[in-house]
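Numbering (the numbering used here), first residue to last: 12 to 528.
For reference, the structure is listed below as structure tokens.
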């Protein structure tokens, strides 16, 4: 792609690559024959592309010619409004007017304009090339850009983000670190709308590009320096081997298996984080065992931080359950969780049990972990570790055991069954968030020095770059109890202006560390 100058500072998508025409047949009222008419619809892949471009930090627009049918113009304008992007009229006879309009709309554009157009509109290519626009042509099967060409050719809309990445890398050189990310669309949207995944390089020299399993993976990975993944989104099944001290046997989607093979054969690629590092957070038993190592971690105030007391069970009807509960220092009520922590159906199906006899009818998947239910005044502290930085937020949580028993009392103290991704009754209040130096009134109980020490201990133990954990403070003892640990959380409770730079910094430092080892 020699001849392509500068980074991509703006993207304009022509209607010819966005609209799909359909032939509609309708009966002729005067005969048995049928006549046909065209009906336009928006390409499904175009919606996916616009969702990615919308929060890419690259100005994006839609263009159409002055002679386009009114109903098509209406579709384009509705889509432009939906994605908060510009809509331009591109007249081949007055290109200068269009370029002036674009400059007015995008006054601070920091590079060239990439114009994506169908190969059926060849008449407009030369005029826009003279204006310095980078013409990118869609639907040219088997073509590729010539060395001295000012045009780029792609076969599918999904290729555009990677094309932008390639152009920007070529323009900037080795000073930019390209991060390819893969996660489910809803999670990607949550991160992207906070500005976490800019395709335009950040001041720290990071640039993000979405990876897709719908295109050959190897060419995509050759364009990136770092792979950021949420592999748990791609889990099909987990087989927990209870008889051997081995890692979980995980079956990933076909695409994730391909990525896994690539990473195994390219050990120089920086991965956040290696798949074997995330295995412990998939297994609630393994995490509980790891948390036992916190016993000696105390601060000057002599408060303790620990995991919850626990017991693994293979069968809720097993003999000697009462004695096993006592030996594990478990009293009722207790909370029952599947051993598999995430990635599969029912991993968040839980129950709070008030009577021993009710274990036998539980529907919580086995094997399961019976965990201490900690009275914590309905207050949960969510901690997020982003590289070397630790942040937290305060949230409302489930009530103390006496309140839960009153709630269940109307139902003869039967177990409270719930999905932990949904909420149980919570007390009213105003959660607050902050960083490791927070001094808000809601934090008067939390020992931030203690929890930060635990966060650093967990970071060394798990070797994870970005993770989160939940802490509750036990009434009476003041024990800080870690009740959950998770990989690559959304950290949405931390303000964007704090969280996103820390997120980028964690990725950059991980890459730099990998490069020096």
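We put the beta carbon where it would ideally sit given N, CA and C, even for glycine.
What distance in whole Å lies between the Cβ atoms of residue 316 and residue 461, which are believed to be in contact at a cut-off of 8 Å?
-> One-based indexing of the chain shown puts residue 461 at position 450. One-based indexing of the chain shown puts residue 316 at position 305. The Cβ separation is near 5 Å, so the contact holds.
Can you have a look at residue 342 and say buried or exposed, based on whether 16 or more other CB atoms are within 10 angstroms of its CB?
-> Along the chain shown, read from residue 1 onward, the residue named residue 342 stands at position 331. The residue is exposed, with fewer than 16 neighbouring Cβ atoms inside 10 Å.
Would residue 231 be called buried (16 or more neighbouring beta carbons within 10 Å of its own) or exposed?
-> Stepping through the chain shown from its first residue, residue 231 is reached at position 220. Residue 231 comes out buried.
So, helix, strand or coil for residue 465, using DSSP?
-> By one-based count along the chain shown, residue 465 stands at place 454. Helix.
Among 411, 171, 83 and 208, nearest to residue 66 - alpha-carbon criterion | Indexing the chain shown from 1 puts residue 66 at position 55. The shortest Cα separation from residue 66 among 411, 171, 83 and 208 belongs to 208.
Which of the three DSSP states, helix, strand or coil, is assigned to residue 315?
-> Counted from its first residue, the chain shown places residue 315 at position 304. Residue state, collapsed to three classes: strand.
Residue 188 versus residue 216: straight-line alpha-carbon distance, rounded = Along the chain shown, read from residue 1 onward, the residue named residue 188 stands at position 177. Along the chain shown, read from residue 1 onward, the residue named residue 216 stands at position 205. C-alpha separation (whole angstroms): 6 Å.
Same chain only: Cβ atoms within 7 Å of residue 515, ignoring 5 sequence neighbours per side | Translated into the one-based positions of the chain shown, residue 515 becomes position 504. Within the same chain, residue 515 has close Cβ partners 213, 215 and 217.
From the DSSP output, in three-state form, read off residue 53 for me.
-> In the chain shown, the residue the question calls residue 53 occupies position 42. If DSSP states are grouped into helix, strand and coil, residue 53 belongs with the strands.
Ignore the nearest five residues each way along the sequence and tell me which others in residue 154's own chain have a CB closer than 6 Å to its CB.
-> Here residue 154 refers to the residue found at position 143 of the chain shown. Bear in mind that the predicted position of residue 154 carries a pLDDT of just 48, short of 50, making it too unreliable to give a figure here.
Using three-state DSSP, classify residue 221 as helix, strand or coil.
-> Stepping through the chain shown from its first residue, residue 221 is reached at position 210. The answer is strand: DSSP assigns residue 221 an E or B state.
Given 8 Å, three or more beta-carbon pairs between the region 350 to 368 and the region 376 to 384 = yes
Mind checking whether the beta-carbon of residue 169 lies closer than 7 Å to any heavy atom of the ligand GDP?
-> By its list of ligands, the structure shown contains no ligand whatsoever, and the ligand GDP lies outside what it can speak to.
Those runs of the alpha helix (DSSP H) which lie wholly inside the region 90 to 121 and span at least 4 residues = 106 to 116
Assign residue 365 to one of three DSSP states: helix, strand, or coil.
-> Taking the chain shown and counting its residues from 1, the one referred to as residue 365 is at position 354. Residue 365 falls in the coil class under three-state DSSP.
DSSP beta-bridge partners for residue 483?
-> Sequence index remark: in the chain shown, residue 483 carries index 472 (1-based). Looking at the DSSP assignment, residue 483 forms a beta bridge with 492.
Would you mind sorting residue 497 into buried or exposed? The rule is 16 or more other CB atoms within 10 Å of its CB.
-> The residue labelled residue 497 in the question sits at position 486 within the chain shown. So residue 497 counts as buried.
State the Cα-Cα distance for the pair residue 325 and residue 291, rounded to the nearest angstrom.
-> In the chain shown, residue 325 corresponds to position 314, counting from 1. In the chain shown, residue 291 corresponds to position 280, counting from 1. The alpha-carbon atoms of residue 325 and residue 291 are separated by roughly 19 Å.
Given residue 144, which residues of its chain have a CB within under 6 Å of its CB, disregarding the five upstream and five downstream residues?
-> Walking along the chain shown from the start, residue 144 turns up at place 133. The answer, listed in chain order, is 124 and 126.
Exposure of residue 243, with buried meaning 16 or more beta-carbon neighbours within 10 Å | Within the chain shown, numbered from 1, the residue matching residue 243 stands at position 232. Buried, since its Cβ has 16 or more Cβ neighbours within 10 Å.
Indicate whether the contact test is met: 3 or more Cβ pairs, each with one atom in the region 492 to 510 and one in the region 423 to 430, closer than 8 Å.
-> no
Measure the C-alpha to C-alpha separation of residue 149 and residue 245 and round it to an integer number of angstroms.
-> Counting from one through the chain shown, the residue named residue 149 turns up at place 138. Counting from one through the chain shown, the residue named residue 245 turns up at place 234. Their backbone Cα atoms lie some 30 Å apart in a straight line.
With a cut-off of 8 Å, do at least 3 Cβ pairs link the region 328 to 335 to the region 392 to 402?
-> no
Residues of its chain near residue 359, where Cβ-Cβ distance is below 6 Å and the 5 sequence neighbours each way are ignored | Sequence index remark: in the chain shown, residue 359 carries index 348 (1-based). Cβ within range, chain order: 430, 431 and 432.
Hey, which unbroken runs of the alpha helix (DSSP H) at 4 residues or more fall wholly within the region 280 to 308?
-> 286 to 293 and 295 to 302
Local conformation of residue 278 per DSSP, three classes | Indexing the chain shown from 1 puts residue 278 at position 267. Note: residue 278 maps to coil in three-state DSSP.
Going straight from the alpha carbon of residue 197 to that of residue 241, what length do you get?
-> Along the chain shown, read from residue 1 onward, the residue named residue 197 stands at position 186. Along the chain shown, read from residue 1 onward, the residue named residue 241 stands at position 230. Near 12 Å, if we compare the C-alpha coordinates of residue 241 and residue 197.
Please classify residue 85: is it buried, with 16 or more other beta-carbons within 10 angstroms of its beta-carbon, or exposed?
-> As a first step, residue 85 is located in the chain shown; it is residue number 74 there, counting from the start. Its Cβ having fewer than 16 others within 10 Å, residue 85 is exposed.
With DSSP run on the structure shown, which of helix, strand or coil describes residue 458?
-> Here residue 458 refers to the residue found at position 447 when the chain shown is read from its first residue. Residue state, collapsed to three classes: coil.
Proximity of residue 402 and residue 478 at Cβ, strictly below 8 Å | In the chain shown, residue 402 corresponds to position 391, counting from 1. In the chain shown, residue 478 corresponds to position 467, counting from 1. No; because the gap between Cβ atoms is not below 8 Å, this pair is not in contact.
Beta-carbon proximity check, residue 247 vs residue 263, cutoff 8 Å | Numbered from 1 along the chain shown, position 236 holds the residue referred to as residue 247. Numbered from 1 along the chain shown, position 252 holds the residue referred to as residue 263. Contact flag set, yes.
Length at least 4, wholly inside the region 164 to 217: the alpha helix (DSSP H) runs in chain order | 171 to 183 and 196 to 203
Residue from 510, 518 and 521 with nearest C-alpha to residue 205 | Position 194 of the chain shown holds residue 205. Here the closest residue by C-alpha is 510.
Straight-line Cα distance separating residue 56 from residue 30 | Position 19 of the chain shown, counting from 1, holds the residue named residue 30. Position 45 of the chain shown, counting from 1, holds the residue named residue 56. About 10 Å.
Do residue 211 and residue 68 have their C-beta atoms closer together than 8 Å?
-> Counting from 1 along the chain shown, the entry for residue 211 is found at position 200. Counting from 1 along the chain shown, the entry for residue 68 is found at position 57. Contact: yes.
Put residue 357 into one of helix, strand or coil per three-state DSSP.
-> Residue numbering aside, residue 357 sits at position 346 when the chain shown is read from its first letter. The answer is coil: DSSP assigns residue 357 none of H, G, I, E or B.
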